[in-house]
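In our numbering, the protein residues as written are 4 to 133.
For every residue, glycine included, the Cβ atom is placed at its ideal position computed from N, Cα and C.
Quantities reported herein were computed from a predicted structural model and do not represent experimental measurements.
Below: one structure, written as structure tokens.
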Amino acid sequence: MPEDLNKDYIQTLLGIVEEDKKAVLLYVVFDLAVVSLTLSEKLLQDKGGHQPFIALGLGLLLIAAALFFNYFRKMHLATFEIAECLLTLDTARARELPKNVWKDHKAGYCAAYIIQLLGLALLIACYVAA
């Protein structure tokens, strides 16, 4: 492959990885925002006995945020390695780096979605029951 194509390919790959990181960071911010809003809401002071469930829902969202952030951080570090591939125009290595991050952290990423949904469902249930 010509050098220009290799360079363009790696730069495009960097752009895709950056977009992925932005999306994952939104999940982290969303989870933390829900936790923050719930803590500041009067729902937490509810005397209906929902406090343990609210605390569990908040804990689940914090765990999901941590799992998403872990994936984000690993992909962020891979971005530096992909950028280094621009120097050598090593498209094969550049292609493998994000795949390897996904392969290594797919279970945590998928678990974060499930945990996030459980936490949100629990908080919504407490809000509706209040």
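Residue i and residue j closer than 8 Å at C-beta
i	j	result
Tyr74	Tyr112	yes
Leu64	Gln119	yes
Ile127	Ile13	no
Cys129	Ile66	no
Phe71	Val31	yes
Ala68	Leu42	no
Leu61	Val38	yes
His53	Ala132	yes
Reduced DSSP secondary structure (H/G/I, E/B, other) of residue i
i	result
Pro55	helix
Glu44	coil
Pro101	helix
Range of the contiguous alpha helix (DSSP H) that encloses residue i
i	result
Leu92	No alpha helix (DSSP H) holds Leu92; DSSP gives it neither H nor E.
8 Å Cβ cutoff, residue i in contact with chain D
i	result
Val27	Absent here is chain D; the protein component of the structure consists of one chain.
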